[in-house]
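Protein chains in written order, with our numbering: chain A, 918 to 1215; chain B, 247 to 725.
Glycine is no exception: its CB is placed at the ideal position from the N, C-alpha and C atoms.
Please read the structure below before turning to the comments.
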Ligand SMILES: Cc1cc2nc3c(=O)[nH]c(=O)nc-3n(C[C@H](O)[C@H](O)[C@H](O)COP(=O)(O)OP(=O)(O)OC[C@H]3O[C@@H](n4cnc5c(N)ncnc54)[C@H](O)[C@@H]3O)c2cc1C
Ligand SMILES: Cc1cc2nc3c(=O)[nH]c(=O)nc-3n(C[C@H](O)[C@H](O)[C@H](O)COP(=O)(O)OP(=O)(O)OC[C@H]3O[C@@H](n4cnc5c(N)ncnc54)[C@H](O)[C@@H]3O)c2cc1C
């Protein structure tokens, strides 16, 4: 069985920062795995600017920020293995890793889980109506548009005004699409003020607070949604051909379910808690990487 | 013109099993399905319970078939390589009125020959299901109740029928029929064929299909029901199927710990306005009833909700029909009309009932080449490490995970496509992609791309489900 001192799962901002920090702190046997083809986690699909203000003093795009992270990682001897999925971990510190053509067990001394978040799905909302095509999570839409150059639809309703929803409202608008409205159940937008200003106000995209979607219409493809105004209870049906959901992020610790709290396991970045800005995710991971790296250097 | 011995109309559970049971005989069989795939109708949205047989009057065909079907289900699932969970069921009572219902069900079940039935005291029931709400007065335990994945069972039956010589024609809707030289001439939107016999299993349209040739006898009046699905290993998930107020309209509430470990809650009964559209009132009612019996449920663990449509059979005078409507309006023409619960449990029995009678009418011999076994798609997730490793060694695609929530590999998706999936939901029905907590957000794009490549079409032509459900509008040239 192959082994390593430190196994880091997830090569997003957190995983890369943890790996570099652990190396710098003296740990010389680090394996960093990620299920994706390219490292960076969520960053490569974030083509907008807004990353790295705290760390680098200027606003970078996701890919630019990733490039800086990778430069830092490149100066260390931590091994990066992409397209590798952590399937499971056991109490005796054996990870099962799967990738094309290979399934292996790997023994480690410490594991940093930096697996990020997943998006809450519309399925969780118990919304009435049909289950047609044309409903995307904001992250899914972002990946399809920014990395695959796909055209998803023309008339867009966005449910949820977290940062992701706001950023995608702007993205669709820049693509020449009509964002009919961003719907938010709370009294104000969920995302950062800066994103409300830059993504919504600057493009005059209607933000409708205290509203939610109650019913989905459409047989093959979505053709409309029934919206409720939560204060008055009034309802109206809006025609659209695409519904984008930004319902929030949920830390993804599935692979280590039930093992949280083990002393050989640390959580870093969005997998430990949702970080609004990348600098904060990276800083937390750097701290953890340094601490664990020191422990493993002796 | 193409000639067949038997044309089976409709490839839901009933049509697939009719074809499979008919393929035990030396017969040329064609299975005609209007949609792009099998099991997209009633068979994909139901409660998924293999009933023990307490719900039907002694001496009826329904009672007899259900008990027989239940007893044979392990063997059937082994033959078709489909997982079955014999979790047993508890019918719950919270007071004297329901206690009397349970005693009646017990008596009826015993008379029907249901094995192992026991009336439990509240204490005994709480020992089996500690999370049950307080106030229980008694429970009826049926150890033989179980659950399967209904569409996987139907797809397996279809694959087995095809393997035994039946032909499956999808995208082929029956539009008209008439008799011609003692045969049935069937007009479809893909041409005309003739068959010596017809088995009509057209689900919600079975009445109309029969009426293409015969005067109305049974009419289907659809009603809808709503379901809520909770994540695997959710809090308060019971170990047994729980039935609450099953004597009420729509069978009250049923909570099913599914074969995959989710919790399925359903269903209500309401007028049907639009097919397969969930209603707020129905979803709310399901949740309200569910917390009444399982107060520990946490609805933040819901991952999906959906609607089902019931084909309620009615006589032309409007009265509802309790028995299975196995219609035989003319020689060599059989119809299954308005088969609702326990149609999944009895799918094989109903198929073999018709197959036996048609074999006599057609004077058909046994098919010496018939094999009851069907090989399922290997599922690395359920294999021990060494076996999974060996599988990856044989085919590298078993190492590449496509659906993270459900741990489904590229090899499985490719095999699903090879076996006939043409849509994202078709892949889902065969290998379970997109059924987990992210509901396909992370795998839909990859599966769309794999379908596009395998089918030789652009991604913009790949559908989520039926026609008109294209996922992306267009794909520009990659940057
Ligand atoms: C759309 C969007 C816009 C944002 N915009 C900004 C912004 O403008 N400015 C800003 O500062 N911050 C922004 N953020 C926040 C910031 O980007 C994130 O907090 C940060 O990137 C999270 O990094 P992470 O490494 O924790 O997670 P991720 O980037 O999600 O990385 C997790 C990695 O783990 C991998 N993984 C998961 N499970 C497994 C497994 N079982 N096996 C193997 N690999 C696995 C994943 O493939 C992924 O690569 C944005 C976030 C999003 C989602
Ligand atoms: C809400 C609900 C809950 C249930 N729960 C249970 C349960 O827990 N246990 C149990 O045992 N049973 C249960 N059942 C019963 C079971 O699900 C059904 O009996 C069974 O699925 C019926 O299958 P089918 O083949 O008749 O219908 P379908 O699956 O609808 O198949 C009919 C097919 O015919 C095709 N078709 C229609 N018209 C034409 C045409 N003109 N030409 C060609 N093809 C055509 C359709 O496209 C469709 O694919 C339940 C049913 C419902 C509605």
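Does residue i come within less than 8 Å of chain A when only Cβ atoms are used?
i                     : result
residue 483 (chain B) : no
residue 685 (chain B) : yes
residue 550 (chain B) : yes
residue 725 (chain B) : Annotation note: pLDDT 48 at residue 725 (chain B) (below 50); position unreliable, no value reported.
residue 714 (chain B) : yes
residue 719 (chain B) : yes
residue 525 (chain B) : yes
residue 555 (chain B) : no
residue 710 (chain B) : yes
residue 631 (chain B) : yes
residue 502 (chain B) : no
residue 529 (chain B) : yes
residue 435 (chain B) : no
Just checking: is the beta-carbon of residue i within a distance shorter than 8 Å of some beta-carbon in chain B?
i                      : result
residue 1060 (chain A) : yes
residue 931 (chain A)  : no
residue 988 (chain A)  : no
residue 1152 (chain A) : no
residue 1110 (chain A) : no
residue 1070 (chain A) : yes
residue 1104 (chain A) : no
residue 928 (chain A)  : no
residue 1038 (chain A) : yes
residue 1140 (chain A) : no
residue 1207 (chain A) : no
residue 919 (chain A)  : no
residue 1050 (chain A) : yes
residue 1126 (chain A) : no
residue 1136 (chain A) : yes
Hey, quick one: how far does the alpha helix (DSSP H) through residue i stretch, first residue to last?
i                      : result
residue 940 (chain A)  : 930 to 941
residue 1090 (chain A) : 1080 to 1091
residue 1099 (chain A) : That residue, residue 1099 (chain A), is in no alpha helix (DSSP H); its beta strand (DSSP E) goes 1095 to 1101.
residue 1194 (chain A) : First-last for residue 1194 (chain A): undefined, no H or E at that position.
residue 527 (chain B)  : 526 to 539
residue 698 (chain B)  : 690 to 701
Considering residue i, what are the terminal residues of the beta strand (DSSP E) in which it resides?
i                      : result
residue 1158 (chain A) : Note, residue 1158 (chain A): premise wrong, no beta strand (DSSP E); not H, not E.
residue 1181 (chain A) : Residue 1181 (chain A) -> no beta strand (DSSP E), and no H or E assigned at all.
residue 922 (chain A)  : 919 to 926
residue 512 (chain B)  : 509 to 512
residue 430 (chain B)  : 429 to 434
residue 348 (chain B)  : No beta strand (DSSP E) holds residue 348 (chain B); the alpha helix (DSSP H) holding it covers 342 to 358.
residue 437 (chain B)  : 437 to 446
residue 676 (chain B)  : Looking at the DSSP string, residue 676 (chain B) is not in any beta strand (DSSP E); the run it does join, the alpha helix (DSSP H), is 670 to 677.
For residue i, return the contacting residues in chain A, with the cut-off set at a CB-CB distance below 7 Å.
i                     : result
residue 634 (chain B) : 1020
residue 653 (chain B) : 1004
So which residues of chain A does residue i contact, with C-beta pairs closer than 9 Å?
i                     : result
residue 544 (chain B) : Within chain A, no residue comes near residue 544 (chain B); the closest Cβ sits about 11 Å away, beyond 9 Å.
residue 646 (chain B) : 1000, 1002, 1015, 1016, 1017, 1018
residue 691 (chain B) : 1057, 1060, 1061, 1065, 1067
Who are the neighbours of residue i on chain B, taking C-beta pairs under 7 Å?
i                      : result
residue 1080 (chain A) : Those within 7 Å of residue 1080 (chain A) in chain B number zero; the least Cβ separation is about 17 Å.
residue 1156 (chain A) : Per Cβ cutoff of 7 Å: no residues; residue 1156 (chain A) is ~16 Å from chain B at best.
residue 1047 (chain A) : 522, 523
residue 1043 (chain A) : 474, 529, 548, 551
Would residue i count as contacting chain D if we go by Cβ distances under 8 Å?
i                     : result
residue 991 (chain A) : Among the protein chains in the structure shown, which are A and B, there is no chain D.
Which chain B residues sit within Cβ distance under 9 Å of residue i?
i                      : result
residue 1201 (chain A) : Correct list: empty, because the minimum Cβ distance to chain B is about 23 Å.
Output, in chain order, the set of chain A residues within a Cβ distance shorter than 8 Å of residue i.
i                     : result
residue 638 (chain B) : 1015, 1018, 1019, 1020
* alpha helix (DSSP H) runs wholly inside the region 253 to 320 of chain B, at least 4 long, in chain order -> Fully enclosed alpha helix (DSSP H) runs of 4 or longer: 259 to 268, 307 to 317.
* Going along the chain, which unbroken runs of the beta strand (DSSP E) with 3 or more residues stay wholly within the region 588 to 659 of chain B? -> 647 to 649
* Secondary structure, beta strand (DSSP E): runs of 3+ residues fully inside the region 1103 to 1127 of chain A -> Within the region 1103 to 1127 of chain A, the complete beta strand (DSSP E) segments at least 3 residues long are 1124 to 1126, listed from N- to C-terminus.
* Asked: Quick one: complete beta strand (DSSP E) runs, 3+ long, within the region 467 to 509 of chain B?
  -> The qualifying runs are 487 to 490, 499 to 503.
* Asked: Where in the region 372 to 422 of chain B do unbroken runs of the alpha helix (DSSP H), each at least 4 residues long, occur, reported from the N-terminal end onward?
  -> 396 to 409
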